[in-house]
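I have placed the structure first, in the form of C-alpha cells, so that the comments after it can refer back to it.
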Amino acid sequence: MTRALITGSTGRLGGVFLSQWENDARFAVDTLTRADADFRDPDQLEKALKKRDYDVLINPAAMSGLEECLDHPDEAQAINVLAPQVMAEVCREKGARFVHFSTDYVFAGHTPGKKSETNTPAPVNIYGKTKLAGEQAVMTANADAIIARVSWLFGPCPPGRSCHFDQVLTRAMSGEPQEYIHDKFSMPSFTPDVVQWTTGLLENESASGIYHLCNSGDPESWHSSAEKVCEIALELGIIDTLTSLAALPISDAHFFREPRPIHTAMQTNRLENEGIAQPRHWLETVAEYVKIR
Ligand SMILES: NC(=O)c1ccc[n+]([C@@H]2O[C@H](COP(=O)([O-])OP(=O)(O)OC[C@H]3O[C@@H](n4cnc5c(N)ncnc54)[C@H](OP(=O)(O)O)[C@@H]3O)[C@@H](O)[C@H]2O)c1
C-alpha cells in the first residue's frame, strides 16, 4: 500500500485526490492542510513535512487566483515557488516520490495550436511566472519529481469551491442570462481523470519531469464549452430549456487586472507515448460530472 500525503485537500483538485484515494485500497491517505502548515512559512512547512511518513507527496496546493498573485506577489512566491522547492528537497532526502501540479498558464499563448511538453514556456502574468519558477525550483532540487501541468479543472468540488461549469449550470437552471469570454482557448479537464492519470504515472517507476495532464478535444473557450455543457445537461434533463449565452470578447473583460494567455490548450504527448493513458474527450466526462457535482 502506498502512503500518500496530499496538500491542498480543501481545493478543487486536492479534494478529489482525497475522496478518490480514500476509497482506493492501493493508498493510505494523509493530508497536510493550511492548519497543519502555512506554506507562506517555509520553515514551518519543512518541519511539518519531516514529521510525517509517506511514500508519495502530492502537491495541488497553490495561490491560483491571478489577481490574488498580482496583489500579493511575495505570498505567491512563497506558496508557488519556495513551498514546492522545500517539498522537492524533503522528498529527495526521504526517498519519497513527489508530484507537483502546475498550469497551462506557463505558456504565453500568442499562437493557436496545442502545446506539448517540449514547447517553451513564457508566462505573461505573475501567477504563471511563479508557477514556472516553481517547476524549475522543483526540478533543480529533485530530478526524480513529476511536474503535472493541468488546465481548466472541473469536477466535484469541496465545500466553498466551484468550477466554471457549476456556475453555468446554476445559472442555466434559474434561467439567468449568461455571458462568457469567447476568444480565449484552453482544454477543460475532469479532476477524477487527473487523479487516474496521476495514479498511472506513479505506477511507472521511471516517470519524472514535465507531463501535460488534460482531457482531449479541440481547444474550447469559456463560451463554447458552456454551450456544450448546457446541451448535454438539457439532454440529461438537468435543465429544462437552453437560454442563450452571450459571447464576450476578452478585450471587454475589464474586471481582469492581469493579462490572460489566449491559446494554452495542451496536448498530452508524454502520457500517450509512454503508454500511461489515452485521455478521453472532455465531453465524454460531462455526463458523469453533472451527475456527481
Ligand atoms: N483550477 C484550475 O482551473 C487550474 C487550471 C490550471 C492549473 N491549476 C493548478 O492546479 C492546481 C490545483 O488547483 P485548484 O484549482 O485545485 O486550487 P484551489 O482550489 O485554489 O486550491 C488551492 C489549495 O491550496 C491551499 N493553499 C493555498 N494557500 C495555502 C497556504 N498558504 N498554506 C497551505 N495551503 C494553502 C488551499 O487551502 P485553503 O482552502 O486553506 O485556502 C487549497 O486547498 C494548482 O497548482 C493550480 O495552479 C488549476
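For what it's worth, my numbering labels the leading residue of the sequence shown as 4, then goes sequentially.
Cβ coordinates follow ideal geometry from the N, Cα and C atoms, glycine included.
Return yes when at least one heavy atom of ligand 1 lies under 8 angstroms from the C-beta of residue i, else no.
i	result
Asp33	no
Trp285	no
Leu16	yes
Trp225	no
Glu208	no
Trp155	yes
Glu179	no
Ala65	yes
Tyr108	yes
Lys134	yes
Arg296	no
Ile82	yes
Arg174	no
Glu78	yes
Phe42	yes
Ser12	yes
Cys94	no
Phe104	yes
Thr36	yes
Cys233	no
Arg100	no
Gly203	no
Arg164	yes
Gly68	yes
Arg263	no
Arg29	no
Arg152	yes
The beta strand (DSSP E) that contains residue i, what's its start and end?
i	result
Tyr214	212-215
Arg6	5-10
Ser105	100-106
Ala249	248-251
What is the DSSP secondary structure of residue i, reduced to helix, strand or coil?
i	result
Val59	strand
Val32	strand
His226	helix
Phe20	helix
Lys117	coil
Ser67	coil
Ser209	coil
Identify the continuous alpha helix (DSSP H) that holds residue i and give its terminal residues.
i	result
Ala91	86-97
Arg273	272-276
Gln199	194-206
Ala40	Unbroken run through Ala40: none, as it is neither H nor E.
Ile295	286-295
Ala111	From DSSP, Ala111 is part of no alpha helix (DSSP H); its letter is neither H nor E.
Glu78	76-80
With a threshold of 8 angstroms (Cβ to nearest heavy atom), would residue i be considered close to ligand 2?
i	result
Asp221	Among the ligands present in this structure, namely ligand 1, ligand 2 is not found.
Do we get a CB-CB distance below 9 angstroms when we pair residue i with the residues of chain D?
i	result
Arg152	The structure shown has no chain D; it contains just one protein chain.
Which complete alpha helix (DSSP H) runs does the segment 136-186 hold, if anything under 4 residues is left out?
167-177
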